[in-house]
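K.L.:
First residue of the sequence shown: 7, per the working numbering; consecutive thereafter.
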Amino acid sequence: MKELVAELILKSAKSLNLKLKKEEIITLIEIPPSAEMGDYAFPCFFLAGLLKMAPEEIAVEVRKNIKKIPEQFEDIQSQGAYVNFFLDRKEMAKSLILKILEEKENYGKTDIGKGKIIVVEFSSVNIAKPFGIGHLRSTIIGNSLSRISEFEGYKIIRMNYLGDWGTQFGKMILGYKKFGNARKLNSKNAIKHMLEIYIKANKKQYEEKARQEFQELEKGNKENLMLWKKFKEASLKNFEKIYRVLGIKFDVYSAESEYNDSLIAIIDELLKKKIIKESEGALIADLEEFGLSTAIIEKSDGATIYLTRDIAAAVDRFKKYHFEKMVYEVGQEQILHFRQLFKLLELLGYDWSKNCIHVSHGLYLDKDGKKFATRKGKTIFMEDVLDETMDLAKKEIKKRYPKISKIELEKRALKVAIAAIFYGDLKNNRSNNIMFDIKRFVSFEGDTGPYLQYSYARANSIIKKAKTNKRNISISDLDNKEIELIKKFSQFPEIAKKSFTQLNPSFIANYSYQLSKIFNEFYHECPVIGSEKEQFRLLLVASFQQILKNCLFLLGIEPLEKM
Ligand code: ARG
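#1: Tell me, please, whether the stretch 355-375 touches the stretch 155-163 by the rule of three or more beta-carbon pairs shorter than 8 angstroms.
#2: Should glutamine 551 go down as buried or exposed, given a rule of 16 or more other Cβ atoms within 10 Å for buried?
#3: Should serine 130 be counted as a contact of the ligand ARG given a C-beta to heavy atom distance under 6 angstroms?
#4: Taking only the alpha-carbon atoms, compute the straight-line gap between serine 155 and phenylalanine 245 and give it to the nearest angstrom.
#5: So, alanine 463 versus lysine 568, is the Cβ gap smaller than 7 angstroms?
#6: Along the chain, where does the beta strand (DSSP E) that runs through lysine 161 open and close?
#7: Near phenylalanine 387, what residues of its chain come up, given a Cβ to Cβ distance below 7 angstroms and the 5 sequence neighbours on each side ignored?
#8: For the ligand ARG, is there any heavy atom lying closer than 6 angstroms to the beta carbon of glycine 138?
#9: Count the other CB atoms, across all protein chains shown, that sit within 10 Å of the CB of aspartate 562; report buried if there are 16 or more and exposed otherwise.
#10: Nearest CA to the CA of serine 480: which residue from Ser512, Gln541 and Ala47?
#11: Would you check if there are 3 or more beta carbon pairs closer than 8 angstroms linking the stretch 124-133 to the stretch 328-340?
#12: Check whether the Cβ of glycine 287 sits closer than 6 angstroms to any heavy atom of the ligand ARG, and report yes or no.
#13: Just list the alpha helix (DSSP H) runs in the stretch 242-328, keeping only unbroken ones of 4 residues or longer that don't cross its boundaries, in chain order.
#14: Please indicate yes or no: does the CB of aspartate 316 lie closer than 6 angstroms to some heavy atom of the ligand ARG?
#15: Quick one: Cα of alanine 196 to Cα of lysine 206, how far?
#16: Please say whether aspartate 443 and tyrosine 519 have beta carbons closer to each other than 7 angstroms?
#17: Quick check: the stretch 186-194 against the stretch 141-157, are at least 3 beta-carbon pairs closer than 8 angstroms?
#18: In its own chain, which residues sit with a C-beta less than 7 angstroms from the C-beta of isoleucine 203, not counting the 5 before and 5 after it?
#19: Beta carbon of glycine 121: closer than 6 angstroms to some heavy atom of the ligand ZN?
#20: Check valine 365 in the structure and name its three-state DSSP category.
#21: When DSSP labels each residue in this structure, what does asparagine 187 get in the three-state scheme?
#22: What does a CB cutoff of less than 8 angstroms around leucine 484 pick up in its chain, not counting 5 residues either side in sequence?
#23: Return yes when the C-beta of glycine 169 is under 6 angstroms from any heavy atom of the ligand ARG, and no when it is not.
#24: Quick one: is arginine 143 buried, meaning 16 or more other Cβ sit within 10 Å of its Cβ, or exposed?
#25: Using only alpha-carbon positions, find the residue among Lys331, Thr145, Pro408 and Tyr212 that is nearest to isoleucine 574.
#26: Under 8 angstroms: do the stretch 523-543 and the stretch 432-439 share three or more Cβ pairs, one atom per stretch?
#27: Quick check on the DSSP output: what are the complete alpha helix (DSSP H) runs of length 4 or more inside the stretch 477-535, in order along the chain?
#28: At which residues does the alpha helix (DSSP H) containing tyrosine 460 begin and terminate?
#29: Roughly how many whole angstroms lie between the Cα atoms of glycine 226 and serine 241?
#30: On the three-pair Cβ rule with 8 angstroms, is the stretch 307-324 touching the stretch 246-265?
#31: Under 8 angstroms: do the stretch 45-63 and the stretch 75-94 share three or more Cβ pairs, one atom per stretch?
#32: Suppose you measure from the CA of isoleucine 118 to the CA of isoleucine 32; what does that come to, to the nearest Å?
#33: Aspartate 372 by DSSP, collapsed to three states: which one?
#34: Between lysine 236 and glutamate 294, what straight-line distance do the alpha-carbon atoms span, to the nearest angstrom?
#35: What are the boundary residues of the alpha helix (DSSP H) that includes isoleucine 554?
#36: Are there 16 or more other CB atoms within 10 angstroms of the CB of asparagine 434, so buried, or fewer, so exposed?
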């Protein structure tokens, strides 16, 4: 609808000899605070300078130049410095509901990205380390961003870039040789065993030895390579299981180790273009003039570097995918790393470096406001977090369905737990630090994932109660809550787009909550079953359900028919 308003203004502005873009107009259009001022308002203040006219006069002119009021509107008026648009609400309600119910999961979709590729790198866990809470944010946000971008018509390459190389493997290998146990490494507790080894070996006294082991690994030492492979296999098995449970898929598993062979060429090129120089035996790029300090490209002992591998990986990805955009969903701690990376790519002459984006996020905090990654000094495992959340979810579900079967309880609790954790994250602006408060996340009331699922289930049960399948869309008059709900429906496509352009799922998350809240208020104020307006209201309920389902999908959350 905003689009239509913008088109009307655009046409009118042309007669005033004003060159405005539709996108500009859309950003200017306001939603007035009260219904007497219409449903949309176009403020004319900012045109005053351009036209050398008073804003009030401009508003009158803009209105005059709209010759025919389209049927979707009841009226268009100039009021002071504004042009106000009054929708024909019944018409709008009718056409919108029909559109939602016809387009279903496609309601709100666009194809602006048709034929274009976006690489979304996310999760990017580290081999031989547990999938901890540290990589959860990237996993949740990256998954949602992939879905949101797909919704705008792009083809998405979901990429997991495994941290499977680096000096830490020297420590792992040394640790295994000293403290390892083959049986444990082959068991389903391999991850715990690897963590044990790592902790034991991560000590000052072993530093030099560990460095040598890594050097050996880089040289291709057979035993070290074999151990490294074992670590990788065991880790991947564990990660894949977690992704499966969380409902997360990747198109590509890439890995740091793939790029070791391309490093020489990259370093040559950096040298040739005089981007790096030798310094105390190491190779460095002085990026001081860009405010990016110094980047090490190769260590003095010849050890390869994370940053250099990232250069090689980016070049390779562009070759493979010709992406329109490449998104790296990685924590805030790596801001400098990615700035350096993008700058180096730019200096190398890769024009597409400007389409690389570091989408960063803040930390999870515990109740005391400290970084939440360990509990009493112990690493927190994703599996334990999930179990704990499921236990809480089970309690809530059992309160409502004391006789629920065990299998059904497990199934539902998992979906509720995922909703709780995902939504608990996504409702926040991703740059903020978040209190990781499972108890609050899992509550069925308030601004939570389970509350959304609950609202969805409620809509479902209302529809189930209806005696007939006949739906008549004839509308007598609209109650205030009905209008509020319908207006909210109409905002969804815009919200989805905004989440995409700002790469921020919180807009959709917050919208889902507001939508559900209005729906629940509507349900309290406007009886559905047995009312005169039953058929029309059932259509409203169905529309709500569809839009909420679309939102949940974009957040990576599954709806529940029953809660
Ligand atoms: N594995 C890294 C870590 O856990 C994150 C990788 C981010 N992606 C990248 N292309 N550097 O810190």
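Note that beta-carbon positions come from the ideal geometry of N, C-alpha and C, so glycine has one too.
P.N.:
Walking through what the data contain:
#1: Because the criterion of three Cβ pairs below 8 angstroms is not met, the stretch 355-375 and the stretch 155-163 do not touch.
#2: buried
#3: yes
#4: 24 angstroms
#5: Contact check for alanine 463 against lysine 568 passes: the beta carbons are separated by less than 7 angstroms.
#6: Per DSSP, lysine 161 is one residue of the beta strand (DSSP E) stretching across 161-168.
#7: Excluding sequence neighbours, phenylalanine 387 sits near Pro136 and Gly138.
#8: Outside the cutoff, so no.
#9: The amino acid occupying residue 562 in the given sequence is glycine; aspartate does not appear at that position. By the 10 Å Cβ count, glycine 562 comes out buried.
#10: Gln541
#11: yes
#12: No.
#13: 269-278 and 312-327
#14: yes
#15: Between the C-alpha atoms of alanine 196 and lysine 206 there is a straight-line separation of about 15 angstroms.
#16: No, these two residues do not count as a Cβ contact at 7 angstroms.
#17: no
#18: Met178, Gly181, Tyr182, Phe185 and Gly186
#19: Annotation note on the ligand ZN: not contained in the displayed structure, which lists the ligand ARG as its ligands.
#20: strand
#21: If DSSP states are grouped into helix, strand and coil, asparagine 187 belongs with coil.
#22: Arg95, Lys96, Ala99 and Ile492
#23: yes
#24: buried
#25: This structure does not reach residue 574, given that the chain is present from 7 up to 569, and the question cannot be answered.
#26: no
#27: As far as the stretch 477-535 is concerned, its whole alpha helix (DSSP H) runs of at least 4 residues are 486-507 and 512-531.
#28: 455-471
#29: 21 angstroms
#30: Counting C-beta pairs with one atom in each stretch, the stretch 307-324 and the stretch 246-265 have three or more that are closer than 8 angstroms, which means they touch.
#31: Enough Cβ pairs lie closer than 8 angstroms, so yes.
#32: 17 angstroms
#33: coil
#34: 41 angstroms
#35: A quick correction: the sequence has leucine, not isoleucine, at residue 554. Note, leucine 554: alpha helix (DSSP H), 540-561.
#36: buried
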